[in-house]
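Asks: Residue numbers (the numbering used here): 4 to 95.
Even for Gly, the Cβ is constructed at its ideal location relative to N, Cα and C.
Take a look at this one; I'll ask things after.
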Amino acid sequence: MLCVCVSGAAGDTWEISDGGCPGRIGNRRIYDEVIQVCSDCSNVFRDTRLFRKCRRNCFFNDEFIMCLRVTERVDELETFLGLISQLNAGRK
4 MLCVCVSGAA GDTWEISDGG CPGRIGNRRI YDEVIQVCSD CSNVFRDTRL FRKCRRNCFF
64 NDEFIMCLRV TERVDELETF LGLISQLNAG RK
């Protein structure tokens, strides 16, 4: 897996990674929206390992669903499943 972190002029950090999401390129807005759930969830528990687990298999995992519940976004489940489906487009 390729992972490169780049620091911007303002101190922002962007991660460039294949991360298992073949549809990430060209869908940055979608990826950012979905990954925010993992970020918020890992902040609730103060557990960086949860952030990695939530992203596993391009967000198609039980931890992501748990994070939707924890962040009180479970009512958006169908929307997020559609977004995750777009990010998984082209998966072999």
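Run the CB neighbour count on Glu-66, radius 10 Å, all protein chains shown included, and call it buried at 16 or more, exposed below.
Replies: With 16 or more Cβ atoms within 10 Å of its Cβ, Glu-66 is classed as buried.
Asks: Where do the N-terminal and C-terminal ends of the alpha helix (DSSP H) with Val-73 fall, by residue?
Replies: It spans 65-73 - the alpha helix (DSSP H) in which Val-73 sits, taken as one unbroken run.
Asks: What residue range is occupied by the uninterrupted alpha helix (DSSP H) comprising Glu-36?
Replies: Per DSSP, Glu-36 belongs to the alpha helix (DSSP H) from 31-48.
Asks: Please report the straight-line C-alpha distance between Leu-90 and Phe-62, rounded to a whole angstrom.
Replies: If I take the Cα positions, the gap works out to 9 Å.
Asks: Give me, in chain order, the residues of the same chain whose beta-carbon lies closer than 7 Å to that of Arg-27; leave out the 5 immediate sequence neighbours on both sides.
Replies: So the list reads Tyr-34 and Leu-90, once near-sequence residues are dropped.
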